[in-house]
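Protein chains in written order, with the working numbering: chain A, 2 to 115; chain B, 74 to 185.
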């Protein structure tokens, strides 16, 4: 079974802190994603990486950066956390079968910024 | 650009009954997929069912089936014989390549 592991299930940080959210996948997938999940808004893509050191901005990249130094690890960085970044963060990895990209999700990190 | 709309923020159904969750979408792509994901309280997103847009036949997976109306851009999920374990958030999504767009979700409660 594919496993996508997010390092923290719950995280509480202070405004202005630098925050790292870590995600590791064990299936050698090329693609990895960071989504933000908010009530009434569904999942919104923050960043996407299609290879080591390669990244693309998603729909809401402002206030976030990412790092992918190794294929299995994709980190989301909040340079200076703000209260409006309080949210659920979901990491995913994917691989393609035929024309279909199959997504596998982690269990999410609930981040509270106080 | 893709958009996905789920007009029912919350729904409830009695155990063993049937419920239908609505989803409409918009896309300019000709080759796309549609998905229903389930997110139970454990927060683990689980793929329930998927539909290739070029296939006219509606997808089914055990108690889960879809009603795919391509011209109307509608993709509803029917859950038959609802079980307590079906209680979850359900997200409709459309995707092509690595681009996925998710709807806002429908919270389904199955009542004993």
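Just so you know, even glycine gets a beta-carbon here, dropped at the ideal spot from N, CA and C.
In the three-state reduction of the DSSP assignment, residue 159 of chain B falls in the helix class. Interface annotation, residue 118 of chain B: in contact with chain A, CB-CB separation under 8 Å.
Residue contact with chain A for residue 148 of chain B: absent (no Cβ-Cβ distance below 8 Å to any residue of chain A). Distances from the alpha-carbon of residue 41 of chain A to those of B:130, B:139 and B:180 put B:180 closest. Taken through DSSP and simplified to helix, strand or coil, residue 104 of chain B comes out as coil. Here the segment 79–93 of chain A makes no contact with the segment 93–100 of chain B; the two share fewer than three CB pairs at distances below 8 Å.
The beta-carbon distance between residue 150 of chain B and residue 122 of chain B, rounded to whole angstroms, is 7 Å. This is short enough to meet the 8 Å contact definition. Against chain B, a Cβ distance below 7 Å from residue 43 of chain A picks out 164, 175, 176, 177 and 178.
Within the model, the alpha-carbon separation for residue 147 of chain B versus residue 164 of chain B is close to 14 Å.
Residue contact with chain A for residue 131 of chain B: absent (no Cβ-Cβ distance below 8 Å to any residue of chain A).
By the Cβ-count criterion, residue 2 of chain A is exposed, with fewer than 16 other Cβ atoms from all chains shown falling within 10 Å of its own Cβ.
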